[in-house]
Amino acid sequence: MNHRGELHRKNLHTVFYPRSVAVIGTNKVRGSVPGDIFVNILQSGFQGIIYPVSPREKSIGGLKAYKYVIDIPDEVDLGVIVFPSSVCKLALEQCGQKGIKSVIIISAGFREVGEKGLAKEKELLEIAEQYGISFIGPNCLGVINTDPISRLNASFARKYPAEGNIAFLSQSGALCTAVLDYARAKNIGFSKFVSFGNKADISEIELLYYLMDDPKTKVILLYLEEISDGPGLMRAARDVIMKSHKPVLILKSGRTEEGASAAASHTGSLAGKDEICDAAFKQAGIIRCEDIEEMFNIAIAFVYQPYPEWKRVAIVTNAGGPGVLTTDAVVKEGLELARFSEKTTLSLKKSLPTTANIKNPVDVIGDARADRYVAAISAVFKDENVAGVFVILTPQSMTDIDSIAKEIARVADQFDKPVYTSFMGEADVASGIKILERNNIPHYILPESMCKPFHTVYNFNRFIHNEEPEVFVSGHPPNLVAKELLEKAIEENRKYLNEYDASLVLEAYRLPVVEKRMATSAGEAGKLAAEMGFPVVLKVISDDVFHKFDVGGVVLNISSETEAEESFRTITESVKEKMPGAKIRGVQVSKQIQNGVEVILGIKKDPSFGSVIMFGFGGIFVEIFRDVSFRVAPVGKSTALQMIREIKSSELLSGVRGTQLRDVDAIAEAIVKLSFLAIDCPQIKELDINPLIVLEEGRGCYVADAKIILEN
Amino acid sequence: MEKKEIESRIKKVVAHVLKLDEEEITQDANFIFDLGADSMQSMLLIAAFEEEFDIEMDVEKAQEVQTIGGAVDFIAEYL
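If you're matching them up, the sequences are chains R and P in order. The first sequence lines up with residues 1 to 712 when you count with the UniProt record's numbering. The second sequence lines up with residues 1 to 79 when you count with the UniProt record's numbering.
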């Protein structure tokens with residue numbers, strides 16, 4: 001974390017726990033942002049002192065108003081600026097003069113309106129740097145801290161939320177108000193609630209670090225529209241997750257994008273922003289959510305219930321159909337139905353009617369009242385094969401909904417295992433759902449919705465306990481040969497490196513490249529081929545030819561000296577005919593590797609996350625199925641092995657159905673080396689190794705073709 | 001017209017629109033930050049200046065003027 005980052009961590013405490021707040025630019029107009037923010041602070045029961053600062057008013061809300069913040073005789077911890085954007089810099093300057101270090105700038109009219117606004121934002125940053133101020137915003141809804149020792153609502157949200165253990169951070173202010181309303185209806189409370197707007201100064205990264213140490217926060221939810229520092233976000237999230245064991249859930253908008261198909265390489269076209277974002281989040285242990293509902297579905301599972309130790313669930317239901325639907329969802333999600341012990345089965349048999357189903361899912365039958373639910377839930381909770389319980393209820397005429405809700409909460413409290421519920425319907429079950437929510441029992445409208453939160457919490461629990469810090473062993477300092485080749489090409493205004501030069505760059509990073517030599521005449525090609533041993537491949541080498549196959553620049557399976565000589569002539573004539581202006585440097589003679597499996601490796605530089613490494617199978621697997629995996633560089637060996645294992649076609653490397661076991665270890669090492677090349681050489685925009693030919697286990701792998709597209 | 005006269009007439013208009021004492025209005029006073037004009041009052045001020053000086057101003061540019069001194073220079077260009 002840089003100097004500003006350190007400062008923000010210190011100053012963020014007074015954003016949330018100020019002893020005094022000045023609302024700068026407020027007025028008496030209810031229904032206006034400057035007026036409502038002041039009223040919200042006043043009405044939330046703020047535990048400190050409030051100073052209205054208004055050029056026109058003598059008093060607001062019964063408190064003496066000051067013309068300027070510098071007129072306030074006492075020390076002020078937090079400034080909340082609500083002036084129009086044109087004078088925010090004057091207000092911030094006075095905050096600096098007053099010695100205020102923590103500021104929230106609510107005002108809009110900055111980078112979101114264009115160049116002029118961006119210039120104003122830069123002026124704010126200069127002032128902040130001059131005075132050692134940290135500020136949230138501009139263009140934000142504000143900040144809420146429900147901790148009773150602060151009770152700060154420095155926002156223009158309509159309602160003050162309940163106290164809870166979920167922190168919500170959002171780049172969008174409007175979404176915040178919707179989330180507050182949604183959460184209120186579901187009895188979900190918050191520890192901290194922050195709309196950080198344009199994140200001109202304090203960003204989600206510093207907020208994550210602050211919340212890592214916040215005892216009131218157990219789960220962090222983050223809504224992002226734009227990732228400006230991907231590696232910083234990954235580091236911060238991973239630190240939070242691994243050091244404090246607090247889950248970080250992110251809803252990132254902008255899943256769709258145009259333009260990836262215009263990329264020049266396979267890796268470029270496959271590595272869309274969203275795929276990279278997915279990979280980066282996975283690498284950091286971040287849980288990516290599809291929508292707000294899913295985010296809260298998962299958050300309540302984290303915050304209200306114990307984490308499941310394993311994947312086997314018990315279902316208790318009073319309706320067969322929903323039980324079956326949930327069973328399907330359990331299996332589809334990758335969870336398992338627990339197989340009950342004899343003791344559990346006996347207990348269920350004794351306490352349930354003979355018509356009940358005592359196997360999992362347990363059907364307590366439609367006329368079940370609270371006593372049957374209690375008997376079934378208690379029995380399955382006690383079973384050591386059960387990691388958690390899903391309780392389903394449909395409202396029949398005799399179903400005592402509220403009593404069942406109370407009893408679920410009472411029984412769940414006696415066990416250190418999670419229980420999730422689904423009271424199906426709406427009007428009849430509403431009061432029961434309220435009871436569950438008030439007792440911190442997660443409730444889901446559809447029973448199928450219980451599966452993903454359960455699985456997510458289970459996976460997170462495994463992640464924090466099993467994940468080992470990645471070890472990066474490069475072994476090679478930045479390589480001068482590679483650097484010179486790349487810089488020379490850029491000086492000559494080349495957009496890419498031809499295969500021959502690209503191979504030299506890869507060799508410089510000790511990637512295994514097939515033996516190759518350059519021939520400048522047919523005779524030389526024949527001689528080199530004979531020396532190498534057949535079969536060989538001949539390929540044209542030209543800085544002007546990117547797609548060699550398209551111009552007849554490649555001949556495969558050459559098995560004699562004469563054939564090599566003829567191929568040389570065929571290639572040069574074809575290229576001259578199809579690309580008359582192309583300058584041919586020579587024809588590359590290389591060994592043709594046989595009996596290998598073709599995979600593809602690649603690099604793509606992403607504006608948010610930096611260099612990203614791709615792995616996939618060659619041919620149709622990459623072209624049609626897009627069966628590839630990504631990670632942000634650098635990549636250690638264990639991550640490289642995960643990349644290989646996680647693609648759907650990875651079994652093709654593990655010797656299934658009579659195929660041979662391939663040298664997966666060698667691929668992983670190639671991925672690691674490639675990732676260091678990516679880190680060391682920012683000149684590379686995209687790189688494809690296609691194919692990397694993988695031999696049987698222990699015999700290695702070889703780069704058979706490579707392309708490097710340069711940054712310019 | 002002399003700039004001093006423009007300034008004096010501007011101060012009178014501002015005092016009237018914003019309901020302030022003329023003595024409170026200094027040459028470097030910022031309409032929003034020092035005098036507390038809100039967005040509606042800013043528009044009223046532009047209209048009042050146009051009437052006072054019998055001119056038609058570029059409203060977008062007029063809204064960028066922040067201080068009394070700035071208004072003097074801006075209006076002087078129309079006279």
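Note that beta-carbon positions come from the ideal geometry of N, C-alpha and C, so glycine has one too.
Query: Cα-Cα separation, P:Asp34 to R:Leu141; Result: 25 Å
Query: C-beta neighbour in chain R for P:Ile32, strict 8 Å; Result: yes
Query: Minimum length 4: unbroken alpha helix (DSSP H) runs contained in the region 453-517 of chain R; Result: 480-491, 499-508
Query: Proximity of R:Tyr304 and R:Pro442 at Cβ, strictly below 8 Å; Result: yes
Query: Proximal residues of chain R, C-beta to C-beta of P:Gly69 below 7 Å; Result: In chain order: nothing, as chain R lies at least about 15 Å away.
Query: Any chain R beta carbon closer than 8 Å to P:Leu35; Result: yes
Query: Contact check, R:His245 vs R:Ile558, beta carbons under 8 Å; Result: no
Query: Distance between beta carbons of R:Gly523 and R:Glu565, contact taken as under 8 Å; Result: 7 Å
Query: Min CB distance P:Gln66 to chain R below 8 Å; Result: yes
Query: Alpha carbon of R:Val703 to alpha carbon of R:Phe534, nearest angstrom; Result: 18 Å
Query: Cβ-Cβ separation, R:Val316 to R:Val364 (assumed contact under 8 Å), whole Å; Result: 6 Å
Query: Under 8 Å between C-beta atoms of residue 717 of chain R and R:Leu601; Result: No statement about residue 717 of chain R is possible, as the shown extent of chain R runs from 1 to 712 and does not include it.
Query: Min CB distance R:Leu175 to chain P below 8 Å; Result: no
Query: Residue-level contact to chain P via CB, R:Ala508, 8 Å cutoff; Result: no
Query: Contact with chain P by R:Arg235, beta-carbon distance below 8 Å; Result: no
Query: Reduced DSSP secondary structure (H/G/I, E/B, other) of R:Gln97; Result: helix
Query: Buried or exposed by the 16-neighbour rule on C-beta atoms within 10 Å, applied to R:Asn493; Result: exposed
Query: Partner residues on chain P for R:Arg56, Cβ-Cβ distance less than 7 Å; Result: Gly36
Query: Local Cβ density within 10 Å of R:Ala262, reported as buried at 16 or more and exposed below that; Result: A caution first: R:Ala262 carries a pLDDT of 48, below 50, which makes its placement in the model unreliable, though a value can still be read off. By the 10 Å Cβ count, R:Ala262 comes out exposed.
Query: Buried versus exposed call for R:Lys685 [16 or more other C-beta atoms within 10 Å across all chains shown]; Result: buried
Query: Buried or exposed by the 16-neighbour rule on C-beta atoms within 10 Å, applied to P:Thr26; Result: exposed
Query: Ordered list of alpha helix (DSSP H) runs contained in the region 392-433 of chain R, each at least 4 residues; Result: 401-412
Query: Per-residue burial, R:Phe615 [other beta carbons within 10 Å of its own, 16 or more giving buried]; Result: buried
Query: Reduced DSSP secondary structure (H/G/I, E/B, other) of R:Gly79; Result: strand
Query: Run of the alpha helix (DSSP H) containing residue 714 of chain R, from where it starts to where it stops; Result: As displayed, chain R neither begins before 1 nor continues past 712, which places residue 714 of chain R out of reach and without an answer.
Query: Beta-carbon proximity check, R:Asp428 vs R:Ile404, cutoff 8 Å; Result: no
Query: Residue 750 of chain R, DSSP secondary structure in three states; Result: Within the shown structure, residues of chain R are numbered from 1 to 712, placing residue 750 of chain R beyond reach of any answer.
Query: Endpoints, the alpha helix (DSSP H) within which R:Met295 is located; Result: 292-304
Query: Inter-residue CB distance, R:Asn690 and R:Lys495 (contact presumed, cutoff 8 Å); Result: With a Cβ gap of about 18 Å, R:Asn690 and R:Lys495 do not count as contacting.
Query: Distance CB(R:Lys707)-CB(R:Leu687) smaller than 8 Å; Result: yes
Query: R:Gly102 and R:Leu78 closer than 8 Å at C-beta; Result: Sequence inspection shows Ser at residue 102 of chain R; the Gly mentioned does not correspond to that position. Yes, they are a contact pair.
Query: R:Ile603 versus R:Lys216 - alpha carbon distance; Result: 41 Å
Query: Identity of the residues DSSP links to R:Glu696 by a beta bridge; Result: R:Arg662
Query: CB contact check: R:Phe135 to chain P, cutoff 8 Å; Result: no
Query: Limits of the unbroken beta strand (DSSP E) element including R:Lys591; Result: 584-591
Query: Close beta carbons around P:Asp21, own chain, < 8 Å, minus the five adjacent residues each side; Result: Ala15
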